[in-house]
Amino acid sequence: MTPATTGRPSPPTVTATETHCPYCSLQCGMRLEGRRTTTVQPWAEFPVNEGGLCRKGWTATGLLGHRERLTTPLVRDRATGAWSAVSWDGALDLVAQRLRAVQAAHGPDGVAVFGGGGLTNEKAYSLGKLARVALGTSQVDYNGRWCMSSAASASTRALGIDRGLPFPLVDVEHADVVVLVGSNLAETMPPAARHLDRCRENGGRVVVVDPRRTPTADRADLLLQPVPGGDLALALGVLHLLVAGGHVDEEYVATRTVGWESVREAVAAWWPERVERVTGVAADEVRALADLLAAGERVVVLTARGAEQHAQGSDTVLAWIDVALALGMPGKPYAGYGCLTGQGNGQGGREHGQKADQLPGYRLIDDPAARAHVAAVWGVEPDSLPGRGRSAYELLEALGTEDGPRALLVHGSNIVVSAPHATRVQERLESLDLLVVCDLVMSETAALADVVLPVTQWAEETGTMTNLEGRVVLRQAHRPAPDGVRSDLEVIAGLAERMGSPVPFSADPEEVFDELGRASAGGRADYAGITYDRIRAEHGVFWPCPSADHPGTPRLFADSFPTPDGRARFHTVEHRGPAEAPCGDYPLHLTTGRVLAQYQSGAQTRRVRDLPDDGAFAELHPLLAARIGVADGMAVRVTTRRGSLRVPARVVTTIRPDTVFVPFHWLGVNRLVNDALDPASRMPEFKVCAARVEAG
Ligand code: SF4
21 MTPATTGRPS
31 PPTVTATETH
41 CPYCSLQCGM
51 RLEGRRTTTV
61 QPWAEFPVNE
71 GGLCRKGWTA
81 TGLLGHRERL
91 TTPLVRDRAT
101 GAWSAVSWDG
111 ALDLVAQRLR
121 AVQAAHGPDG
131 VAVFGGGGLT
141 NEKAYSLGKL
151 ARVALGTSQV
161 DYNGRWCMSS
171 AASASTRALG
181 IDRGLPFPLV
191 DVEHADVVVL
201 VGSNLAETMP
211 PAARHLDRCR
221 ENGGRVVVVD
231 PRRTPTADRA
241 DLLLQPVPGG
251 DLALALGVLH
261 LLVAGGHVDE
271 EYVATRTVGW
281 ESVREAVAAW
291 WPERVERVTG
301 VAADEVRALA
311 DLLAAGERVV
321 VLTARGAEQH
331 AQGSDTVLAW
341 IDVALALGMP
351 GKPYAGYGCL
361 TGQGNGQGGR
371 EHGQKADQLP
381 GYRLIDDPAA
391 RAHVAAVWGV
401 EPDSLPGRGR
411 SAYELLEALG
421 TEDGPRALLV
431 HGSNIVVSAP
441 HATRVQERLE
451 SLDLLVVCDL
461 VMSETAALAD
471 VVLPVTQWAE
481 ETGTMTNLEG
491 RVVLRQAHRP
501 APDGVRSDLE
511 VIAGLAERMG
521 SPVPFSADPE
531 EVFDELGRAS
541 AGGRADYAGI
551 TYDRIRAEHG
561 VFWPCPSADH
571 PGTPRLFADS
581 FPTPDGRARF
591 HTVEHRGPAE
601 APCGDYPLHL
611 TTGRVLAQYQ
621 SGAQTRRVRD
631 LPDDGAFAEL
641 HPLLAARIGV
651 ADGMAVRVTT
661 RRGSLRVPAR
671 VVTTIRPDTV
681 FVPFHWLGVN
691 RLVNDALDPA
701 SRMPEFKVCA
711 ARVEAG
């Protein structure tokens, strides 16, 4: 199959292309200029970032034409470890033949598919369809499960829908109070920080809740530094004070919500001094936050990974949604609850079918009506679609086991760096009969594969992304891909054909998007009225957008919530604390996070020459450093029940003395973190486990 027959998009003939950054969920608009040497220019009219970019965005072209770029399919000889270049037909034929052999021996679920939150909507949709239609496997999930599934689960239960922000980001400029729980927005998505600054210029107040005093906290009016895992108890304490002070919006609660009374009773036990004992946040600071919220007419509560990547992450988000509901905020202009998504298409990636439990349009795979609708669009029988599969980490844990998949296809994910308890995940990958990885470069995961397929990247392909606001944007191809490289859509179509798919798969992104729109029609994430032309003309279109004459939905919940009775749900939740409490052998909390210059597993950004790559480090408070006899820059050994990591120490006053922080962009720290899962979202507890630190 050649690119011509699969309809690879031709890059536009104009010299400048309006497109979007390859990295995070802000999906900043940018212009690309020049073909052979491509430069990034501001796109000031795009409203989310108004021409501003962080250094990752300004240097994003550094991976185009990179010397480590893969340009031919590679097959590895397991006995010698040697790689051989093969033709595309040879590689796809080999993969299909090996997949058929695995399925003949182990059944359809012997093959699994693992996607990514950076894939375009079209790729995520096609990957889910490949799994269900061409491979007939239920074993499909993606790394977004590790990103924001706790917020997704909580939002769906409480508000009836999972869209990161239910309003455009610019709305926070007009809020009286913005509370950021577990978000280091100034480093993870710096252009978004301008909206916080304008909020303060307009007289609003910004509150940051984070165990570290981050650059985001430096621009805040109030910083609360709870112990990792303390965010839920803090929310309960805030609710206690709002009730005690008579600041609950009783009319809103009575007319727009259900479930408040049991929450009111439960929070009676969370007086500020108890919150202080559990979280380490002084009782007066808890009162200061409650006072700010009580005085605010328009309050925005935002959570991010710091609050969500816990074994009690869903409950933590539910507790903060309870706060927003008690104040009567969701649905009010310039107010409400939202989640700051992480990966570039963390939002769209979970809406169109690459999750184990979902079909396109945010439909549940075990809903008979949803199965019938999607099967009709795909041209197959509903009964032919498999049921619910394993969630991401459970899928990886099952690889190579007696009941688990024996072959894995990976698109857009560097699992051995990004998965929790990564040593065990690597062992599971090595136990497979077949590992196939599609990537731009030889990532740590690709290096373990039997077959590596080189694929196009952002500026070489067209496709849609859905940013943290639910705004569907269009990444447009600007320059041709290197010879020998194919798009993921071409790979999926080629494999589907070779696996004897009963229906054809298009590799043309606009055709795939049109089909995605039909498959999503009537679902929660309804894209039926969105087209590439509309996105170009309107700076993106907010879903739901059910028809061509629908304006899209920038703001949700003004009149009702998408629940059976139109009301939001309060949830009574209990603080449980981290799955691993500190003890004599492991007396500290280990928490992880990001740095400004790197993105996710670093497979891309670590290769961009103009981005600093200082490697991993451990942030320690001076009191802790003195106790273990370590000075700034000296090596320390961070040890948990799962392993140990040697990194240089950074001695800083910005972290709690009982906590150590290590960024996760490099191979290592995710081998240490706990794989305890949130019972509702199946999110692993990346953000806290028990650890010790020694000079070393
Ligand atoms: Fe790219 Fe995110 Fe930086 Fe914007 S904030 S330039 S989308 S990495």
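Under the numbering used here, the first residue of the sequence shown carries the number 21, and numbering increases by one thereafter. We put the beta carbon where it would ideally sit given N, CA and C, even for glycine.
The residue among 572, 556, 555, 557 with its C-alpha nearest the C-alpha of residue 563 is 572. The closest heavy atom of the ligand SF4 lies less than 7 Å from the beta carbon of residue 211.
Following the DSSP letters along the chain, one finds residue 60 in no alpha helix (DSSP H) but inside the beta strand (DSSP E) bounded by residues 59-62.
Assigned with DSSP and collapsed to three states, residue 681 falls in strand. Short of 6 Å from the beta carbon of residue 371, and not among the five residues preceding or following it, lie these beta carbons of its own chain, in chain order: 382, 545. The stretch 394-407 makes contact with the stretch 152-172: 3 or more CB pairs, one atom from each, lie closer than 8 Å.
Burial state of residue 222 is exposed, judged by a 10 Å Cβ sphere holding fewer than 16 other Cβ atoms. According to the DSSP assignment, residue 484 belongs to the beta strand (DSSP E) that extends over 483-486.
Residue pairing for residue 161: DSSP places it in a beta bridge opposite 134. The C-alpha of residue 503 lies about 16 Å from the C-alpha of residue 111.
Separation of residue 597 and residue 452 (C-alpha to C-alpha, rounded to the nearest whole angstrom) is 36 Å.
Contact between residue 480 and residue 501 holds: CB atoms are separated by about 4 Å, below the 8 Å threshold.
Only residues of its own chain outside the window of five on either side were considered, and among them 655, 657, 716 have a CB closer than 7 Å to the CB of residue 666, listed in chain order. Spanning the alpha carbons of residue 427 and residue 688 requires a straight line of approximately 25 Å. Put simply, the backbone Cα of residue 300 is about 6 Å away from that of residue 247. In the displayed model, residue 553 falls within a helix according to three-state DSSP.
With distances taken between CA atoms, residue 52 lies nearest to 37 out of 37, 202, 140.
Every alpha helix (DSSP H) of 4 residues or more that sits fully in the stretch 622-699 is shown, in chain order, as 642-648. Excluding sequence positions up to five before and after residue 179, its CB lies within less than 6 Å of the CB of 581, 588, all in the same chain and listed in chain order.
Separation of residue 56 and residue 279 (C-alpha to C-alpha, rounded to the nearest whole angstrom) is 60 Å.
Its chain contains 252, 253 as the residues whose beta carbon lies nearer than 6 Å to that of residue 595, once the 5 sequence neighbours on both sides are disregarded; these appear in chain order. Distance from the Cα of residue 412 is smallest, within the candidate group 109, 58, 62, 164, for 164. The residue from 468, 652, 707, 523 with its alpha-carbon nearest to that of residue 103 is 468. The C-beta separation of residue 195 from residue 205 comes to about 14 Å, leaving the pair out of contact by the 8 Å criterion. In chain order, 701, 703 place their CB closer than 6 Å to the CB of residue 169, counting only its own chain and leaving out the 5 sequence neighbours on each side. At a threshold of 7 Å, residue 560 does not count as near the ligand SF4, since its beta carbon sits no closer than that to any of the ligand's heavy atoms. For residue 41, the shortest C-beta to heavy atom distance toward the ligand SF4 is below 7 Å. Taking the Cβ of residue 47 as the reference point, at least one heavy atom of the ligand SF4 falls within a distance shorter than 7 Å. In the three-state DSSP reduction, residue 219 falls in the helix class (H, G or I). Secondary structure at residue 411: coil, using DSSP grouped into helix, strand and coil. At a threshold of 7 Å, residue 360 does not count as near the ligand SF4, since its beta carbon sits no closer than that to any of the ligand's heavy atoms.
A distance below 6 Å between beta-carbons, with the five flanking residues on each side excluded, links residue 691 to the following residues of its chain, in chain order: 442, 443, 663.
Within 7 Å of the C-beta of residue 565 there is not a single heavy atom belonging to the ligand SF4.
In chain order, 46, 48, 49, 211 place their CB closer than 7 Å to the CB of residue 69, counting only its own chain and leaving out the 5 sequence neighbours on each side. A distance of 8 Å or more separates the beta carbons of residue 406 and residue 93.
Residue burial is scored here from C-beta neighbours: residue 376 has at least 16 other C-beta atoms within 10 angstroms and is therefore classed as buried.
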